[in-house]
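Taken in order, these protein sequences are the chains called R and U.
Quick note on numbering: the numbering used here labels position 17 of the first sequence as 17, and the sequence is numbered without any gaps.
Quick note on numbering: the numbering used here labels position 93 of the second sequence as 93, and the sequence is numbered without any gaps.
Cβ coordinates follow ideal geometry from the N, Cα and C atoms, glycine included.
Okay, so here's the structure we're looking at.
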Amino acid sequence: MATFTSIQSGSWHTATTWDQGAIPNLAVDDVVIAAGHTVTFGAGQYASLYPGRFILVVGGGALRVLGALDAYSSDVLVLGTLTTEGDYLYIWGSAELTVYPGATLSVVSGFYLASTATASIQGQMNVELGALADLFDYPTLTLEVGGTIQTYGICYFEWNSQVVIRDDLSIEEGGAVSLFDYPVVTIEGSGGVFVYGTFYVAWNARCELFGYLGVASTGLINVYKDIRIGGRMTGGGKIVMLRREGRILDFSENPVFVLDRAYGYSKALVA
Amino acid sequence: MPNPPDIPQEVQDRLNRTPAQRKADLEAKRQARLDAMTLEERQAAQMQIDRVNAIPDDKRPAFAQASGLAVTAKTIKARVDGGMALRDVLDQLNAEESAAVDWLVSAVTIARTP
Chain R
1 MATFTSIQSG SWHTATTWDQ GAIPNLAVDD VVIAAGHTVT FGAGQYASLY PGRFILVVGG
61 GALRVLGALD AYSSDVLVLG TLTTEGDYLY IWGSAELTVY PGATLSVVSG FYLASTATAS
121 IQGQMNVELG ALADLFDYPT LTLEVGGTIQ TYGICYFEWN SQVVIRDDLS IEEGGAVSLF
181 DYPVVTIEGS GGVFVYGTFY VAWNARCELF GYLGVASTGL INVYKDIRIG GRMTGGGKIV
241 MLRREGRILD FSENPVFVLD RAYGYSKALV A
Chain U
1 MPNPPDIPQE VQDRLNRTPA QRKADLEAKR QARLDAMTLE ERQAAQMQID RVNAIPDDKR
61 PAFAQASGLA VTAKTIKARV DGGMALRDVL DQLNAEESAA VDWLVSAVTI ARTP
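Okay, here's the thing in structure tokens:
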């Protein structure tokens, strides 16, 4: 049982990368990627970080995950750069992923936050084109003040996930955030979601908006159920489609207006 | 572990705790999140936690794969139930991805055949 600290850049699976002169066993060892070092967890490799252990990427250090790494009821602390660019990074159990101010989590392949795990994004999180960030089974992701999330890829917030937005989340053109099956997304007063791509609110999803939600001309919000409004909706765009069962309600659930036929080209609008 | 100057004290304090203490810290924070849920949510989440906790350490990677597979399958099913054509999904795969999906379908069929 030891803390393995990188002494040079190189492969995770090479003993000379580490001060202990061996390869860390994540069942019993902790890992520190030191400043100035880039350590690559190789393609085709798999490791599981056991309960109570930690991986720390120090500021100026970088961990590239080309294989698959899972952290169960353990800590992944990022002060530098963590990149998933091969298989995936899987955070689960009571595990916590913390991306500190100035740090970056870059998802080029897959990122999973599952089974009541948490992620705190105080720095930058990027989901690149073609990448997937998937939250399911009661995880919590918090975008803290000072942090940002930018997605060019796909983010699924599903199966009872909770997402709290306290700063800027931008869904870039070509990117999508999809909410379905009982997630709750809360955009707090300090938070903002900027939609240049697509924002799906579907299948028993709830999105509470106390901050800002902006939709650019390239953006689309696809709502499968109700919109409840306690504040104002403004804009120069249009609602392209409202499903037959969809309604726009005030926050006390009173209909703001009712369309007698939301499909087709009915001109009838019942105030 | 030694205290490198570029690690904030908050992080250092966290790392200085023993693995057992860190595990207990994480469990306590999870319990606080569970306590904030409705009874129904808490029971469902607890069932999921109990299910995962019952899995031996060395089988957890397999469970993680199974969860990911199930979520992908459920997501695709929900989309197809919602009107998306499965053919459209399959047409998006490149040759390598398509071969992997074909392998999976075949392997699942074989694995489930008595």
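Item to check | residue 92 (chain U) burial status per 10 Å Cβ neighbour count (16 or more: buried) | outcome: exposed
Checklist entry - Can you tell me whether DSSP reads residue 192 (chain R) as helix, strand or coil? => result strand
Checklist entry - Taking the C-alpha atoms as reference points, what is the distance between residue 104 (chain U) and residue 60 (chain U)? => result 20 Å
Item to check | Any alpha helix (DSSP H) of 4 or more consecutive residues that is wholly inside the stretch 14-46 of chain R | outcome: none
Checklist entry - Apart from the five residues just before and just after residue 164 (chain R), which ones in its own chain have a Cβ nearer than 6 Å to its Cβ? => result 142 and 186
Checklist entry - Which chain U residues sit within Cβ distance under 8 Å of residue 24 (chain R)? => result Correct list: empty, because the minimum Cβ distance to chain U is about 13 Å.
Next on the checklist: Only counting the same chain, and skipping five residues up and downstream in sequence, which positions put a Cβ closer than 7 Å to that of residue 87 (chain R)?
Outcome noted: 67, 68, 109 and 110
Checklist entry - In chain order, what residues of the same chain have a beta carbon less than 7 Å from the beta carbon of residue 106 (chain U), not counting five sequence neighbours either side? => result Around residue 106 (chain U): no qualifying Cβ.
Checklist entry - What is the rounded straight-line gap between the Cα of residue 27 (chain U) and the Cα of residue 218 (chain R)? => result 43 Å
Checklist entry - Any idea if residue 112 (chain U) is buried or exposed, counting beta-carbon neighbours within 10 angstroms, 16 or more meaning buried? => result The residue in question, residue 112 (chain U), is exposed, as its Cβ has fewer than 16 Cβ neighbours within 10 Å.
Checklist entry - Is residue 116 (chain R) helix, strand or coil when you go by DSSP? => result coil
Next on the checklist: Mapping the DSSP letters down to three states, classify residue 158 (chain R) as helix, strand or coil.
Outcome noted: strand
Item to check | Neighbour-count burial assignment, residue 76 (chain U), 16 or more Cβ in a 10 Å radius | outcome: exposed
Checklist entry - Taking 8 Å as the CB-CB cut-off, is residue 90 (chain U) touching chain R? => result no
Item to check | Spatial neighbours of residue 35 (chain U) in its chain, beta-carbon cut-off 8 Å, leaving aside the 5 residues before and after | outcome: 42
Checklist entry - Going by other Cβ atoms of all chains shown within 10 Å of its Cβ, with 16 needed for buried, is residue 123 (chain R) buried or exposed? => result By the neighbour-count rule (16 or more Cβ atoms within 10 Å), residue 123 (chain R) is buried.
Item to check | In DSSP terms, what residue 83 (chain R) is bridged to | outcome: When beta bridges are read from the DSSP output, residue 83 (chain R) appears opposite R:64 and R:106.
Checklist entry - What are the boundary residues of the alpha helix (DSSP H) that includes residue 67 (chain U)? => result 60-81
Item to check | Among U:8, U:21 and U:67, nearest to residue 116 (chain U) - alpha-carbon criterion | outcome: This structure cannot settle anything about residue 116 (chain U), because the visible part of chain U is limited to 1 through 114.
Next on the checklist: Let me check one thing: in DSSP terms, what residues is residue 206 (chain R) bridge-paired to?
Outcome noted: R:184
Next on the checklist: For residue 98 (chain U) and residue 53 (chain U), I'd like the C-alpha separation in whole angstroms.
Outcome noted: 34 Å
Next on the checklist: Just checking: is the beta-carbon of residue 23 (chain U) within a distance shorter than 8 Å of some beta-carbon in chain R?
Outcome noted: For residue 23 (chain U), a Cβ of chain R is located within less than 8 Å of the residue's own Cβ.
Next on the checklist: Under 8 Å, Cβ to Cβ, is there at least one residue of chain C near residue 49 (chain U)?
Outcome noted: This model lacks chain C altogether, as its protein chains are R and U.
Next on the checklist: Which of the three DSSP states is assigned to residue 93 (chain U) in this structure?
Outcome noted: coil
Item to check | Beta-ladder partner(s) of residue 92 (chain R), from DSSP | outcome: Answer is R:72.
Next on the checklist: So if I threshold CB-CB distances at 7 Å, which residues from the stretch 110-141 of chain R count as touching chain U?
Outcome noted: Within the stretch 110-141 of chain R, the residues whose Cβ lies closer than 7 Å to some Cβ of chain U are 112, 114, 115, 116, 134, 136, 137, 138 and 140, listed in chain order.
Checklist entry - Residues of chain U with a CB under 8 Å from the CB of residue 96 (chain R): which are they? => result 26 and 29
Checklist entry - From what residue to what residue does the alpha helix (DSSP H) around residue 20 (chain U) run? => result Here the alpha helix (DSSP H) through residue 20 (chain U) covers 19-35.
Checklist entry - What's the C-alpha gap between residue 44 (chain R) and residue 4 (chain R)? => result 22 Å
Item to check | chain R contact for residue 45 (chain U) (CB, 8 Å cutoff) | outcome: yes
Checklist entry - Using a Cβ-Cβ distance under 8 Å, would residue 51 (chain R) count as near chain U? => result Closer than 8 Å to some Cβ of chain U, the Cβ of residue 51 (chain R) qualifies, so yes.
Checklist entry - Should residue 160 (chain R) go down as buried or exposed, given a rule of 16 or more other Cβ atoms within 10 Å for buried? => result Classification for residue 160 (chain R): buried.
Checklist entry - Do you know how far the Cα of residue 121 (chain R) is from the Cα of residue 201 (chain R)? => result 22 Å
Checklist entry - What did DSSP end up calling residue 6 (chain U) once you bin it into helix, strand or coil? => result coil
Checklist entry - Quick one, which of R:1, R:27 and R:37 has its alpha-carbon nearest residue 16 (chain R)'s? => result R:37
Next on the checklist: Cβ closer than 9 Å: which chain R residues qualify as neighbours of residue 130 (chain U)?
Outcome noted: Residue 130 (chain U) lies beyond the residue range present for chain U, which begins at 1 and ends at 114; the question has no answer from this structure.
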